[in-house]
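Number of protein chains: 4
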Amino acid sequence: MNRESFAAGERLVSPAYVRQGCEARRSHEHLIRQLLEKGKCPEDGWDESTLELFLHELAIMDSNNFLGNCGVGEREGRVASSLVARRHYRFIHGIGRSGDIAAVQPKAAGSSLLNKITNSLVLDIIKLAGVHTVANCFVVPVATGMSLTLCFLTLRHKRPKAKYIIWPRIDQKSCFKSMITAGFEPVVIENVLEGDELRTDLKAVETKLQELGPDNVLCIHSTTSCFAPRVPDRLEELAVICANYDIPHIVNNAYGVQSSKCMHLIQQGARVGRIDAFVQSLDKNFMVPVGGAIIAGFNDAFIQEISKMYPGRASASPSLDILITLLSLGSNGYKKLLKERKELFSYLSNQLKKLSEAYNERLLHTPRNPISLAVTLKTLDEYHDKAVTQLGSMLFTRQVSGARVVPLGSVQTVSGYTFRGFMSHTNNYPCAYLNAASAIGMKMQDVDLFVKRLDKCLKTVRKVQNKDSDVSGVDNYDKTEDVDIEEMALKLDNNVLLDTYKDASS
Amino acid sequence: MNRESFAAGERLVSPAYVRQGCEARRSHEHLIRQLLEKGKCPEDGWDESTLELFLHELAIMDSNNFLGNCGVGEREGRVASSLVARRHYRFIHGIGRSGDIAAVQPKAAGSSLLNKITNSLVLDIIKLAGVHTVANCFVVPVATGMSLTLCFLTLRHKRPKAKYIIWPRIDQKSCFKSMITAGFEPVVIENVLEGDELRTDLKAVETKLQELGPDNVLCIHSTTSCFAPRVPDRLEELAVICANYDIPHIVNNAYGVQSSKCMHLIQQGARVGRIDAFVQSLDKNFMVPVGGAIIAGFNDAFIQEISKMYPGRASASPSLDILITLLSLGSNGYKKLLKERKELFSYLSNQLKKLSEAYNERLLHTPRNPISLAVTLKTLDEYHDKAVTQLGSMLFTRQVSGARVVPLGSVQTVSGYTFRGFMSHTNNYPCAYLNAASAIGMKMQDVDLFVKRLDKCLKTVRKVQNKDSDVSGVDNYDKTEDVDIEEMALKLDNNVLLDTYKDASS
Amino acid sequence: MNRESFAAGERLVSPAYVRQGCEARRSHEHLIRQLLEKGKCPEDGWDESTLELFLHELAIMDSNNFLGNCGVGEREGRVASSLVARRHYRFIHGIGRSGDIAAVQPKAAGSSLLNKITNSLVLDIIKLAGVHTVANCFVVPVATGMSLTLCFLTLRHKRPKAKYIIWPRIDQKSCFKSMITAGFEPVVIENVLEGDELRTDLKAVETKLQELGPDNVLCIHSTTSCFAPRVPDRLEELAVICANYDIPHIVNNAYGVQSSKCMHLIQQGARVGRIDAFVQSLDKNFMVPVGGAIIAGFNDAFIQEISKMYPGRASASPSLDILITLLSLGSNGYKKLLKERKELFSYLSNQLKKLSEAYNERLLHTPRNPISLAVTLKTLDEYHDKAVTQLGSMLFTRQVSGARVVPLGSVQTVSGYTFRGFMSHTNNYPCAYLNAASAIGMKMQDVDLFVKRLDKCLKTVRKVQNKDSDVSGVDNYDKTEDVDIEEMALKLDNNVLLDTYKDASS
Amino acid sequence: MNRESFAAGERLVSPAYVRQGCEARRSHEHLIRQLLEKGKCPEDGWDESTLELFLHELAIMDSNNFLGNCGVGEREGRVASSLVARRHYRFIHGIGRSGDIAAVQPKAAGSSLLNKITNSLVLDIIKLAGVHTVANCFVVPVATGMSLTLCFLTLRHKRPKAKYIIWPRIDQKSCFKSMITAGFEPVVIENVLEGDELRTDLKAVETKLQELGPDNVLCIHSTTSCFAPRVPDRLEELAVICANYDIPHIVNNAYGVQSSKCMHLIQQGARVGRIDAFVQSLDKNFMVPVGGAIIAGFNDAFIQEISKMYPGRASASPSLDILITLLSLGSNGYKKLLKERKELFSYLSNQLKKLSEAYNERLLHTPRNPISLAVTLKTLDEYHDKAVTQLGSMLFTRQVSGARVVPLGSVQTVSGYTFRGFMSHTNNYPCAYLNAASAIGMKMQDVDLFVKRLDKCLKTVRKVQNKDSDVSGVDNYDKTEDVDIEEMALKLDNNVLLDTYKDASS
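Protein chains in written order, with my numbering: chain A, 333 to 838; chain B, 333 to 838; chain C, 333 to 838; chain D, 333 to 838.
In structure tokens, the structure reads:
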């Protein structure tokens, strides 16, 4: 409503009241102005009414929402379904142009602003989360794996001779495939066992580098966030090696934004050595739907090169999600989530310690992993070779999601490469174990339910095992309210079961 | 977004594009301004994006949406459920104040504007629909019956001696109860049969008036829209009688806005005689959810008196619905709906004529009823005394809604008054019949499906009847895909069935 | 999705996963089944996904959502605007039938279920809130005032001779007008001052009753929730009088559900004497939009009579709002809100005590009022006769809503009755004062902001007054960031200002 | 609601009505079952209520919506903002797994079903649109350019020696960059002029192929949909060459699904020769937001290989959009859109013919291009060298979107490759021209407005030019209501202007 509309309003109802309403409107507008001028995440989250006003204002700046527009092109932001238009707040043109995913679209000033502001907010949050000297970043509407591929494809143009990527082993398929898809040959560096922890074998990295010849190596591809007992790579030392050999360094920081330790490692790596880009998932760090990632780095030009490598326009949906989320939370809201995660990590750790000891197992000592924990399943594994697998299946059917059991001796072939001990990041970890993580957004109730259900499952598996693994004996023991679900689980086809836990590593 | 925000936006993306977006915004604002300044229904409907912008702008003028508000009263527009807040576009304060349902609320400038504009738009539409000299009107969040009660309660204060309301019979419970609830004694004037039509007995009205003494009569309560073979009351003549005897006249125009004939009658009545208020349903005339009505009249002061009679604030929900609907349709959209209704009335009439003749029945000749039609069920009634009822039940279970069968001899007692021949508006209509109407929003597909299903049902009922009403014989005849539904229908408890058709008259 | 759909799903993705999803679905369905079977408010609130599933399931049972429906009536639940349809979750048919607002609609099984369940849930909550022996209740889509009118109109039929309603004075217009609208003559019983409190004059009530003759009295109309220093009526004693004289008793419990004290009074009144119906606002007690009320009572038959008095169908919107709200909150959520309200009442009381003493004023001692508080404005009033009014205006423009100032000597005429000392419930309260209330949904932040702003305003008013009420002197004193708003306030037209505070009493 | 719930419902309202509602529910379920069993696009579009029921049912099968779920992993589908959750219908887990974007997720049976069904529907539609023998396809949440890159990256593993991609020139940046990003060297084949049309130089293709050596060529990358006067590539002949030389063939069918001609070319190409994959945009063909594409092909295994090449999970948002859209439209709705597009193409063609002749220009004769048209701007170009550019700018500021002017002699460097005559698909097209297209979703009103505005602009430009290009003279000529916009346009910075039209080619 403009001045004339307010004046007309004053004639309909009392001027004093309209003026009061008009005054109130200004406070919404003030927030919007602050955002546009500073490009920073507001400290306090916005309420829905400011947020929707803002999105609405942006959307009507796109040509598909012009009342007088006539379109005679082949992409005019037309929408067939009003449900679809509404769920996208009428942003239809996506982001970017053929030349650059960060570029401005003449037809869509609103979407372009949305894109710019989102990237600006995200940059602010990455600094706040610990990487203070980050130079530039952008949201890309593909998940972590594809974003890594994009980084490698960009590097190819700078290093035409390179064929190899040096990669300290982490048993997660996407990041492995990201190299294959980009057309490079991953050179796997096995981890070394230090206490319970699996850590980067720095010497092996350097040896391999010399062996292959630096010019033939596209980059080192390291990892921060990972399942225990693996711990974040020794980023500082790797960054120094990269600097020394003048080799690019790409960091897979998939769900590391939520951990100050992971972010600190990146900050330190960049300070003492070389990090070209670090990639993080939107969904895993910011509680939005799957499908977006942030590519960030310390060199503005290189990040721009990556954004220019993306051919064509792209979905605005992940940008919209993260924008809404950050504006709703405010930086204080996000910090609160980070704090709660950290506290729940301690809580989960304590609860698992207690439970494991009650079953003659132990919590692996992995102090360098700030997110994931592992509990041994030794005694279970000794009972019966399928007991570990059964435990996984039982947890799944009891609606425990995200826990994964890691049996010994699993072998998996990914894109032609064979991994022994797959899921454990090493060929021969000393024992089977179970993983659980404290990730952003977790609630204390999740921990309590998990520990309770795990306790029940462990009890049940042992009873079954004690009966000589007689699965048909399931019907005999102490009935609980969920025995039927459990039965179902035990009778599930083996392939399905295996499929189930393996998911944890994908 | 204000000027500073746009300026900031221009620094983020190209000024030319932001300016283009800003320009586009103006066209939305222009529409809003026009609305507020003129208070008329726009000719062309608004698109959703203008509409939602407008509602959003209004809502943030209410104190419950002030970012800095602090509430220390007992009604602050707080909402517990965000689903509820959203579905009301965050208008929580309702409309009106204790003194007057049309009054402005200091705490809620937005809701107050919404209320004023809605009433203004509705006034415009009533003029457009044919009552050109209407002086004032308001939306009241109660349905037609309660609105009539409100009119009668207001009149009570002007005519303290009055005890009776003269009411040409129409067999619809709500309007009858509206008089009872207001504490008056309805004086039923039986209709006279002219050809097939049932019309107002003017002589009886005048005789009764003289008999009771004008001072003892609160008002004449007449009706426009009704089921055939009853036709709209002779409004002109009644209005003249009211003028002559100085008696108020309240018109129940329930679903008459959609018919130019009904509106013309009101306009004429007011021109030549006296009409104090006419009441119309929102849902039946404007395709919104049940729950609101419009009270309109030719004397501004009297309409204001009624609005001041409503004790306390009231729901804004019906006002919001009609506002959204009228702005979406525009006056052109509404006119188009009126035109289509009229055309479908002819179509329905023709189709029913054909069908009835095929069954040796006939379409009653009721040219004065512009909405409802009636087809005799003589031959059916002769077969078996429950055949008419069965037909109604079968139509119901076949998802024909709104058709109603009127058997002979139905007797009903409403609030202590006994009506013989209930549903037929007279004690002894010559034959049983079936009603169907062409109301606003109907589609040609409705007519076609109805006629097809009616045809099938008539066939089936006859077959069943031919078997000496042997309901168990249902299984024997020609199977169609919906025989099971039909069986169910035939086995339904009688009370339920009766209940079903009687609904049509409520 | 039915069994066949799930089977088809199992062929598309793994059976184990579909089965898991199917299992999960059952837990939603279980909640729905519990609700339908028990008709009680669930202890824990439902999440949005269960809630929307439930509403969706209900809606598709209404004929307007039948895929194969054909409508040939005049009210078929057609909707012109998809925005409107969506915001009502496609419930278009409203509730009730002409005979009874609680009746079932054949065309709308879903809306009918919604209505029944809502009434059942609301009954459960009224018991939980303290009136354990309530027999029946229903949600009516009109606010408190109109609901009271409906009660009086129903009583009229039972007491045809009655002309008067005995009403212990409470200065709130709606409840006064509810009697006028119903056509009765209110007999105002002035309150008596006991300490700071204004209480029911029982002797005057009984004397008046005898004077008028019980048969001429429709009922006693008492009040629980009210602004301090008035306190809830002596319900027990009034109920005993009603029982003794065989006179109906209607209680205005507008915002009393939120207070265990008010509810206890009603429960006790019904136990020892007679209470026919008690009426409460939906918005004030349950944080939903304005527009609905609950009429409840201890005699099932009488409550049904009232529901049958409502002529015609009515809006389902208030029922839908309260249903969503109660299912979202669960009884535990509602209890939590009640508890917080009580705690904030103490907090507000303490803060106001401190502040008032700092200004040589005092918190009135009104221990019997569980919701509203009053702080004297004696010293302010002595400065200048408009100072109290100015304070009210300043609070308004500073976005303090719900606080109201009560100057001495205000006279108001409502529907022809003149009230001296209007807003203070008595002709001559000893001093001017300010009201604030702790109502459900209030936050500690509201209290803190209010006290802070009140402090500032009091300071400012005194300064202005010290300058001999020289309003033009406003510019001279200590500038604060909101001086301009305040100026605006001071320059506001007097009528507007008066209007503003008077709103608090409407 | 399950059986027990319905039974409980029958006790609350009449069994007959509940049963009717229950019956009605079955028709929704029937549609869902049909969809799941047949996997085909329904003929008639679904209404919103069936659609939302379906999405709701799917969503509650995902673990993040399990009422009893406890999550202890790092990706549990948690959502911070309820706005975000709602807009995705609570589908949070995205689609695919690390191994395959088409794979099933154990944690998300609902999302997995959504993905499978969407791909199945899309396959059905591609057949319906003319490529009857397509074997497999999948929706990928990246736009056309990136999808092409994905195809090339997949081919790399099959043809390790290949370095070149043979590409008949089309002046659109994304498809050019798709090759660069994938790390290949585009070999540009200039088009030949036949009449007004620019067509594939088959001889040059074959010569180049022999020259480079087939093993060094990754594939031929051809194009169907393009701006006139270029016409679709000679797919049949290219496909035969590919078959003869055993070289893959990837077709960029960006907005070709909407044209039966383009689809026919692909079908024919596959019949007589070799086509490995064809890629189409979701937004350009199906009126959904930007961000998705369909990769389709005639060899099931190869399409699966591509889907397995995508590293990691991905956004479900484009799949959800197309699913909603196709279910809303039904195949009949989509066919209707195709038919209307074709008709509007004729209409646009006629209107442009008339207009161009009035200005001594002509519509280029390009019968082989079924979507795009071109009108010469010869006379304009002769007036002044900036006139063509000015026309483009004026159209832009008059809210004509999608029209693009192509001046002579534009040179552009893309990723190091220099294109002379950029935007015209050839080094030296005989004249400047203007493009307009009839794309799916266009309305007759678009054409009319466009032609009217173009007429006005042409008039204005000529007048300005006649005044010796005196831009300051703008103020002097015949004032129209939009002169100010136009001025703004003329004063726009040159870079911005150029930017604007060039957008049309990106």
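A virtual CB, placed ideally from N, CA and C, is assigned to each residue, including glycine.
Spatially closest choice to residue i from the options, by CA coordinates
i	options	result
Ile626 of chain B	B:Val474, B:Gln744, B:Ala356	B:Val474
Ser756 of chain B	B:Asp632, B:Gly741, B:Ala602, B:Ser663	B:Gly741
Asn759 of chain A	A:Gly629, A:Arg419, A:Ile502	A:Ile502
Val519 of chain B	B:Asn664, B:Ile498, B:Asp533, B:Cys507	B:Ile498
Pro702 of chain B	B:Asp713, B:Leu712, B:Gln722, B:Leu670	B:Leu670
Ile457 of chain B	B:Leu696, B:Gly662, B:Leu676	B:Gly662
Lys640 of chain A	A:Ala434, A:Glu543, A:Leu387, A:Phe398	A:Ala434
Val549 of chain A	A:Gly515, A:Asn397, A:Cys558, A:Leu530	A:Gly515
For residue i: DSSP bridge partner residues
i	result
Ser381 of chain A	Ser381 of chain A is not bridged to any residue.
Ile582 of chain A	A:His553, A:Ala609
Gly403 of chain B	C:Ser733
Thr708 of chain D	D:Tyr765
Leu695 of chain C	C:Val707
Ala646 of chain B	B:Ile427
Whole-number beta carbon distance between residue j and residue i, since they are thought to touch under 8 Å
i	j	result
Gly629 of chain B	Gln612 of chain B	Gly629 of chain B to Gln612 of chain B, Cβ: 12 Å. No contact.
Thr555 of chain B	Asn584 of chain B	5 Å
Leu399 of chain C	Thr382 of chain C	Not a contact, Cβ separation roughly 24 Å.
Gly442 of chain A	Met393 of chain A	3 Å
For the region 606-634 of chain B, list the beta strand (DSSP E) runs that are entirely contained and at least 3 residues long, ordered along the chain. Entirely contained in the region 606-634 of chain B, the beta strand (DSSP E) runs reaching 3 residues are, in chain order, 609-613, 625-629.
At a Cβ cut of 8 Å, what residues of the region 719-736 of chain B count as close to chain D, listed as they run along the chain? Phe728, Thr729, Gln731
Under 9 Å (Cβ pairs) to chain A, residues found in the region 431-465 of chain B: Val436, Gln437, Pro438, Lys439, Ala440, Ala441, Gly442, Ser444, Leu445, Asn447, Lys448, Ile449, Ser452
Which of the residues in the region 393-411 of chain D, read from start to end, lie with their CB under 9 Å from any CB of chain C? Met393, Asp394, Ser395, Asn397, Phe398, Leu399, Gly400, Asn401
Segments of 4+ residues assigned as alpha helix (DSSP H) that fall wholly inside the region 353-397 of chain C: 380-391
Could you name each continuous alpha helix (DSSP H) segment of 4 residues or more that falls completely within the region 470-557 of chain D, going from the start of the chain to the end? 476-490, 505-513, 534-544
Counting only Cβ-Cβ distances shorter than 7 Å, please list the residues of the region 569-588 of chain B near chain C, keeping chain order. Tyr587
Whole beta strand (DSSP E) elements within the region 730-807 of chain D, 3-residue minimum: 736-738, 743-746, 749-752, 765-769
What residues in the region 340-357 of chain C bring their beta carbon closer than 9 Å to a beta carbon of chain D? Ala340, Gly341, Arg343, Leu344, Val345, Ser346, Ala348, Tyr349, Val350, Arg351, Gln352, Gly353, Cys354, Glu355, Ala356, Arg357
Give the residues from the region 493-526 of chain D that approach chain A closer than 9 Å (Cβ to any Cβ), ordered along the chain. Gln504, Lys505, Ser506, Cys507, Phe508, Lys509, Ser510, Met511, Ile512, Thr513, Ala514, Gly515
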